[in-house]
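Chemist: Residue numbering for the sequence shown follows this note's numbering, beginning at 195 and increasing consecutively.
Yeah, the Cβ is synthetic: ideal placement off N, Cα and C, and Gly gets one too.
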Amino acid sequence: MQIRGKGGLMDEEKPLLDHVVELLTRLRRGVVAFIAVLGLQYLIPTRELRPLAFEAMRAVEHYLLEFSANPFKHLADRLGVGDVRVRVIAGGIFDTALASLYLASTVSLLATLPYTLYEIYVFMKPGLYPRERRIVKKYLVLFTLLFTVGCCYAYLILAPVTLIVMVWLTAMGGAEPILTVSDLFYTLLLIVISTGTAFSIPLLLVIPAKLGLITYEALKSRWRYVVLAILVVTAVITPDPTPISMLLLSIPLLLDYLVALALVKRA
195 MQIRGKGGLM DEEKPLLDHV VELLTRLRRG VVAFIAVLGL QYLIPTRELR PLAFEAMRAV
255 EHYLLEFSAN PFKHLADRLG VGDVRVRVIA GGIFDTALAS LYLASTVSLL ATLPYTLYEI
315 YVFMKPGLYP RERRIVKKYL VLFTLLFTVG CCYAYLILAP VTLIVMVWLT AMGGAEPILT
375 VSDLFYTLLL IVISTGTAFS IPLLLVIPAK LGLITYEALK SRWRYVVLAI LVVTAVITPD
435 PTPISMLLLS IPLLLDYLVA LALVKRA
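(1) In whole angstroms, what is the alpha-carbon distance linking L399 and Y333?
(2) Bridge partners for V282 per DSSP, in chain order?
(3) Could you tell me the alpha carbon to alpha carbon distance between M440 and M251, rounded to whole angstroms?
(4) Below 7 Å between beta carbons: does that hold for A454 and P396?
(5) Would you please state the rounded distance, in angstroms, between the beta carbons of V343 and F393? I believe it to be under 8 Å.
(6) Note down, in chain order, each residue of its chain lying with its Cβ closer than 6 Å to the Cβ of G532, except the 5 sequence neighbours on either side.
(7) What is the rounded straight-line gap between the Cα of V215 and the Cα of G276?
(8) Buried or exposed for I287, please, with buried defined as at least 16 other CB atoms from any protein chain shown within 10 angstroms of its CB.
(9) When DSSP builds the beta bridges, which residues end up paired with P245?
(10) Ends of the alpha helix (DSSP H) at I358?
(11) Determine the direct distance from the alpha carbon of V375 to that of I283, and round the result to whole angstroms.
(12) Would you please state the rounded distance, in angstroms, between the beta carbons of S302 and L232? I believe it to be under 8 Å.
(13) Please name the residue, chosen from S299, G285, R244, that lies closest to A227 on a Cα-to-Cα basis.
(14) With a threshold of 16 other CB atoms inside 10 Å of the CB of L295, please say whether the residue is buried or exposed.
(15) Here's the rule: buried if 16 or more other CB atoms are within 10 angstroms of the residue's CB, otherwise exposed. What is M366?
(16) Locate the alpha helix (DSSP H) running through F337, then write down its first and last residues.
(17) Between G321, F317, F248, which has its C-alpha nearest D289's C-alpha?
(18) Please state whether DSSP places L259 in a helix, a strand or coil.
(19) Taking V254 as the reference, give the member of L443, L378, H268, I431 with the closest Cα.
(20) Are the beta-carbon atoms belonging to V420 and Y380 less than 7 Å from one another?
(21) Considering Cα atoms alone, identify which of L443, L218, A369, Q235 is closest to L350.
(22) Mind reading off the beta-carbon distance from A431 to S388? Whole number of angstroms is fine, and I expect it under 8 Å.
Written as structure tokens, this is what we have:
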């Protein structure tokens, strides 16, 4: 197999198995980094001598469920749930540990994603021309940025608004809002990761444009289908049955589409 160096293709032969072994080695480094960051969250104590992962759980619960201190307090008051207290219970003996693992895994993924992508880039680098290296680096950085912004948007805005609306619907039915701790953090994990992934969608359009598979004109002419697809997808992935959470996610995704159009036009 030929590989490419700084100036182009080189005649050095490298067996396919060596490439596979190197790729697995670099991916393993990413996994080790993920596990290390995950473990540190359970080993580092806080002032109260609780592991950092469990202290973070308390902080997240307070941010999401204490509506009186929530950034969206006015929305909660408007819906009549500003003073409602949500009970968080453990549905089983392992519930709290499982919930902490959901949260710690999300933090670990965000913390180690740049390093894992760097390892993938180092693996690809010998087979790329200088121009290709610049392109790959640019899009890996852009992917990391978009994914991180999406995750932050989900945690800071989408998740608390969704929970306020869900508590409002529960209260309208005359029921007491009760959440198991594992359900709370599993739902949070899904919202954060799916939103971060959705924010990265523009790159999925730019890459085919670079390969000449789609054009700016074709993408722009199908804007109605794109808008419909965004609305359908957001309606499916948001747990809130009202349009509120769907719109909160749809608006930035529509902006993402405009960003993708601009990037494809320059591709």
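Modeler: The relevant details are as follows:
(1) Walking along the sequence shown from the start, residue 399 turns up at place 205. Walking along the sequence shown from the start, residue 333 turns up at place 139. Near 12 Å, if we compare the C-alpha coordinates of Y333 and L399.
(2) The residue given as residue 282 occupies position 88 in the sequence shown. The beta-bridge partner set that DSSP reports for V282 consists of L373.
(3) By one-based count along the sequence shown, residue 440 stands at place 246. By one-based count along the sequence shown, residue 251 stands at place 57. Each residue's CA atom was taken as its position, placing M440 and M251 some 26 Å apart.
(4) The count along the sequence shown starts at 1 and reaches residue 454 at position 260. The count along the sequence shown starts at 1 and reaches residue 396 at position 202. For A454 and P396, yes; Cβs fall inside 7 Å.
(5) Taking the sequence shown and counting its residues from 1, one reaches residue 343 at position 149. Taking the sequence shown and counting its residues from 1, one reaches residue 393 at position 199. Right, their Cβ atoms sit about 6 Å apart.
(6) Since the displayed the chain opens at 195 and closes at 461, residue 532 lies outside it and no answer follows.
(7) Within the sequence shown, numbered from 1, the residue matching residue 215 stands at position 21. Within the sequence shown, numbered from 1, the residue matching residue 276 stands at position 82. Rounded to the nearest angstrom, the two C-alpha atoms are 56 Å apart.
(8) Working through the sequence shown from its first residue, we reach residue 287 at position 93. When all chains shown are included, I287 counts as exposed.
(9) Within the sequence shown, numbered from 1, the residue matching residue 245 stands at position 51. DSSP lists P239 as partners of P245.
(10) The residue you call residue 358 lines up with position 164 of the sequence shown. For I358, the uninterrupted alpha helix (DSSP H) segment begins and ends at 353-366.
(11) As a working note, residue 283 is residue 89 in the sequence shown. As a working note, residue 375 is residue 181 in the sequence shown. Whole-angstrom Cα-Cα distance: 6 Å.
(12) Here the question's residue 302 lines up with position 108 in the sequence shown. Here the question's residue 232 lines up with position 38 in the sequence shown. The Cβ separation is near 4 Å, so the contact holds.
(13) Taking the sequence shown and counting its residues from 1, one reaches residue 227 at position 33. The shortest Cα separation from A227 among S299, G285, R244 belongs to S299.
(14) Taking the first residue of the sequence shown as 1, we reach residue 295 at position 101. Result: buried.
(15) Indexing the sequence shown from 1 puts residue 366 at position 172. Classification of M366: exposed, given that the 10 Å Cβ count is below 16.
(16) Here residue 337 refers to the residue found at position 143 when the sequence shown is read from its first residue. Going by DSSP, F337 is part of the alpha helix (DSSP H) stretching over 324-347.
(17) Walking along the sequence shown from the start, residue 289 turns up at place 95. Measuring from the Cα of D289, the nearest candidate turns out to be F248.
(18) Counting from one through the sequence shown, the residue named residue 259 turns up at place 65. Collapsing the DSSP output to three states places L259 in a helix.
(19) One-based indexing of the sequence shown puts residue 254 at position 60. Across the set L443, L378, H268, I431, the C-alpha of L378 shows the shortest separation from the C-alpha of V254.
(20) Position 226 of the sequence shown holds residue 420. Position 186 of the sequence shown holds residue 380. Result no, Cβ atoms of V420 and Y380 do not sit closer than 7 Å.
(21) Here residue 350 refers to the residue found at position 156 when the sequence shown is read from its first residue. Nearest of L443, L218, A369, Q235 to L350, Cα basis: L443.
(22) If you number the sequence shown from 1, residue 431 lands on position 237. If you number the sequence shown from 1, residue 388 lands on position 194. Strictly speaking, residue 431 in this sequence is Ile, with Ala absent from that position. Right, their Cβ atoms sit about 5 Å apart.
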